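Enquirer: Here it is, the structure, as structure tokens.
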Amino acid sequence: MPSPTARAFAISDIHGHRDDLVRSLRSEGLIDASEHWSGGEDQLFVLGDLLDRGPDGIGVIRLVRRLQEEAPGQVHVLLGNHEVLALGMWLHPDEGYLPVWQRNGGIARDQAGLTPDDVAWLSRLPAMARIGSDLLVHSDTTAYLGWGRSVDAVNAHVTSLLTRADPGGVAEVWRGLAQRRRFVGAKGVEQAASLLAAYGGDRVVHGHSIVATLRGTTPGHGTLSYADGKALAIDGGRYDGGPLLLVDLSA
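Written out as structure tokens, the structure reads:
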């Protein structure tokens with residue numbers, strides 16, 4: 140069991156900005172000057188979208204994978220829609236993913252740098268996690284409800300979809316995770332509550348939709364608590380000139 144003083148952090152939508160990730164992790168003592176885990180019993184949750192749109196998506200993957208090896212059970216990486224798109228490009232290159240990948244900021248060197256081992260790792264990333272009263276996901280969508288009614292069931296089902304031989308599974312996960320903004324508007328509170336009722340917790344912590352787009356402002360803000368406190372948006376919009384936000388969930 141983690142120490143009662145252990146902290147839990149979440150970060151999302153790094154999009155290849157490895158140097159920013161390193162600075163953020165070092166600022167909280169989670170890695171040392173040599174970029175090795177130094178966070179003790181702290182927990183780190185990376186909520187997807189490691190690659191595309193930025194300078195070094197493969198470098199981000201290499202770093203978080205190594206940190207997972209150094210701190211097993213403490214460094215968690217969730218599946219984002221850009222990981223699904225990379226899988227579609229790799230596993231099903233004749234299924235029309237190229238124009239979608241291009242429109243979504245696909246980076247050729249990221250795709251070329253993936254190895255079969257990376258692809259196997261990406262295919263088995265969990266889609267959601269729980270820590271304390273927080274439900275952690277990449278996308279602000281209710282599509283998760285179609286994949287199971289417990290965290291473990293969703294993760295198992297998504298893995299089964301991504302590892303199917305036919306292309307339909309990857310396409311289904313892509314469509315689900317590409318949705319956004321389900322917790323805003325008149326039904327936003329109700330839809331956030333539906334996820335919490337199914338999977339537990341008091342708050343959905345997500346990336347995917349940039350905080351500024353939810354606020355209706357330009358990038359540059361911190362996190363956004365909304366839907367009557369049932370949702371916390373943490374994507375600062377780094378690829379669009381905003382900050383990369385490392386959020387202390389235990390604060």
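Each residue of the sequence shown is one higher than the one before, counting from 140 in this note's numbering. All residues carry an ideal CB built from backbone N, CA and C; glycine is no exception. Just so it is clear, the structure is predicted and the values come from calculations on it, not from any experiment.
#1: Do A331 and A366 have their C-beta atoms within less than 8 Å of each other?
#2: Where does Q318 fall in DSSP's three states?
#3: Sort out for me which residues DSSP pairs I153 with in a bridge.
#4: Flag this pair as yes or no: are the beta carbons of V327 and L274 separated by less than 8 Å?
#5: Pull up the CB-CB distance for E167 and A145, whole angstroms please, since I reckon it's below 8 Å.
#6: Is the CB-CB distance between V386 and T356 below 8 Å?
#7: Output the boundary residues of the alpha helix (DSSP H) element that contains Q213.
#8: Span of the beta strand (DSSP E) holding Y365?
#9: When you compare the CB positions of G244 and D195, do they come within less than 8 Å of one another, or not?
#10: Nearest-angstrom Cα distance between A251 and W229?
#11: Are at least three pairs of beta-carbons, each pair with one atom in the region 373 to 390 and one in the region 334 to 350, less than 8 Å apart?
#12: Per DSSP, what are the beta-bridge partners of L274 in this structure?
#13: Tell me whether the beta-carbon of N220 lies closer than 8 Å to the beta-carbon of W313.
#14: Which whole-angstrom value is the C-beta distance of G376 and D188, which I expect to be below 8 Å?
#15: Closest by CA to R354, which one among Y338, G324 and E329?
#16: Could you check which residue in A225, D256, R319 and D291 has the C-alpha nearest to that of R192?
#17: Measure from the alpha carbon of R319 to the alpha carbon of each residue in V297, V276 and A172, then state which is nearest.
#18: Whole angstroms is fine: what's the gap from I246's alpha carbon to S163's?
#19: Could you give the DSSP three-state label for A304: helix, strand or coil?
#20: Using C-beta distances below 7 Å, list every residue in its chain close to E209, excluding the 5 sequence neighbours before and after it, in chain order.
#21: By the three-class DSSP mapping on this structure, what secondary structure does I170 have?
#22: Just reading off the alpha helix (DSSP H) that A351 is part of, what are its end residues?
#23: Within 10 angstroms of its Cβ, does D152 collect 16 or more other Cβ (buried), or is it exposed?
#24: Decide if A259 is buried, meaning its Cβ has at least 16 other Cβ atoms within 10 Å, or exposed.
#25: On the DSSP letters alone, give me the boundaries of the alpha helix (DSSP H) that V323 sits inside.
Expert: Reading it off the structure:
#1: Locating residue 331 in the sequence shown gives position 192, where the first residue counts as 1. Locating residue 366 in the sequence shown gives position 227, where the first residue counts as 1. Yes. Within cutoff.
#2: Walking along the sequence shown from the start, residue 318 turns up at place 179. Coil.
#3: The count along the sequence shown starts at 1 and reaches residue 153 at position 14. In DSSP, I153 forms no bridge with anything.
#4: The residue you call residue 327 lines up with position 188 of the sequence shown. The residue you call residue 274 lines up with position 135 of the sequence shown. A small fix is needed here, since residue 327 is Gly in this sequence, not Val. Taking 8 Å as the Cβ cut-off, G327 and L274 do not qualify as a contacting pair.
#5: Counting from 1 along the sequence shown, the entry for residue 167 is found at position 28. Counting from 1 along the sequence shown, the entry for residue 145 is found at position 6. That pair is no contact at about 12 Å.
#6: Numbered from 1 along the sequence shown, position 247 holds the residue referred to as residue 386. Numbered from 1 along the sequence shown, position 217 holds the residue referred to as residue 356. Going by C-beta atoms, V386 is not nearer than 8 Å to T356.
#7: The residue you call residue 213 lines up with position 74 of the sequence shown. That residue, Q213, is in no alpha helix (DSSP H); it is neither H nor E in DSSP.
#8: The residue labelled residue 365 in the question sits at position 226 within the sequence shown. Annotation: the continuous beta strand (DSSP E) that includes Y365 extends over L363 to Y365.
#9: As a position in the sequence shown, residue 244 is number 105, starting the count at 1. As a position in the sequence shown, residue 195 is number 56, starting the count at 1. Taking 8 Å as the Cβ cut-off, G244 and D195 do not qualify as a contacting pair.
#10: Residue numbering aside, residue 251 sits at position 112 when the sequence shown is read from its first letter. Residue numbering aside, residue 229 sits at position 90 when the sequence shown is read from its first letter. Approximately 9 Å between the Cα atoms of the pair.
#11: Touching, yes, given that three or more Cβ pairs across the two stretches are closer than 8 Å.
#12: As a working note, residue 274 is residue 135 in the sequence shown. Paired residues: R269 and V343.
#13: As a working mapping, residue 220 is identified with position 81 in the sequence shown. As a working mapping, residue 313 is identified with position 174 in the sequence shown. Yes; because the gap between Cβ atoms is below 8 Å, this pair is in contact.
#14: As a working note, residue 376 is residue 237 in the sequence shown. As a working note, residue 188 is residue 49 in the sequence shown. Contact doesn't hold; Cβ gap of about 11 Å is too wide.
#15: Indexing the sequence shown from 1 puts residue 354 at position 215. Between R354 and the set Y338, G324 and E329, the nearest pair of CA atoms involves G324.
#16: The sequence position of residue 192 within the sequence shown is 53, counting from 1. The shortest C-alpha separation from R192 is found at A225.
#17: Mapped onto the sequence shown, residue 319 falls at position 180. That would be V276, whose Cα lies nearest to the Cα of R319.
#18: Within the sequence shown, the letter at position 107 stands for residue 246. Within the sequence shown, the letter at position 24 stands for residue 163. Roughly 23 Å between the two C-alpha positions.
#19: As a first step, residue 304 is located in the sequence shown; it is residue number 165 there, counting from the start. Secondary structure at A304: coil, using DSSP grouped into helix, strand and coil.
#20: By 1-based counting over the sequence shown, the position of residue 209 is 70. Only H175 and W176 meet the Cβ criterion.
#21: Within the sequence shown, the letter at position 31 stands for residue 170. The answer is strand: DSSP assigns I170 an E or B state.
#22: The count along the sequence shown starts at 1 and reaches residue 351 at position 212. From DSSP, the alpha helix (DSSP H) with A351 extends over V350 to R354.
#23: Position 13 of the sequence shown, counted from the first residue, corresponds to residue 152. Classification of D152: buried, given that the 10 Å Cβ count is 16 or more.
#24: Within the sequence shown, numbered from 1, the residue matching residue 259 stands at position 120. Exposure of A259 is indicated by the presence of fewer than 16 other C-beta atoms within 10 angstroms of its C-beta.
#25: As a first step, residue 323 must be located in the sequence shown, where it is residue number 184. No alpha helix (DSSP H) holds V323; DSSP gives it neither H nor E.
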